[in-house]
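Residue numbers (the working numbering): 857 to 1006.
Okay, so here's the structure we're looking at.
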């Protein structure tokens, strides 16, 4: 069922833990049925903490998957990486979106969206602050911001 594998790359302009408005971009990289390397990308703007903006970017990227697959996600957000490496998403869902101390999970609404979109897929993450699409995504964000396309 999950024979199809992709690489996903997420980059945001969010910096630090404060609430902010930031842009994000993502790239899905895959090999098509003819063996050709293909990409699909998306861009957006969100308001919130760096973590919230990364969650929004992840949900946006996952919404473009059309069949069950494996996705290895490259991110510069350690929190995003930790959630998947530690299987917290599954634990939070089982515990009615409460963390290990009984508090409601921060960014619950975003995580609920990610949960709904992720259940058909196998997701893994890697902390990769300088991934192969980072420079391109940041240049695209800058160019799109200048022409009001984000």
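Cβ coordinates follow ideal geometry from the N, Cα and C atoms, glycine included.
About 14 Å separates the CB atoms of residue 971 and residue 954; that is not less than 8 Å, and the two are not in contact. Taking the Cα positions, residue 937 is about 27 Å away from residue 888. Sequence-distant partners of residue 919 (beyond 5 residues in either direction) whose C-beta falls short of 7 Å from its own C-beta, in its chain, are 973. DSSP, reduced to helix, strand and coil, places residue 921 outside both helices and strands of the structure shown, so it counts as coil. Ranked by how close their Cα comes to the Cα of residue 915, the residues 892, 942, 884 and 987 have 884 in first place. Here the alpha carbon of residue 934 sits roughly 19 Å from the alpha carbon of residue 991. Taking C-alpha positions only, residue 905 is separated from residue 892 by approximately 37 Å. Under the DSSP assignment, residue 976 falls outside any alpha helix (DSSP H); it carries neither an H nor an E label. Around the beta-carbon of residue 941, fewer than 16 other beta-carbon atoms lie within 10 Å, marking it exposed. DSSP places residue 947 in the uninterrupted alpha helix (DSSP H) bounded by 944-950.
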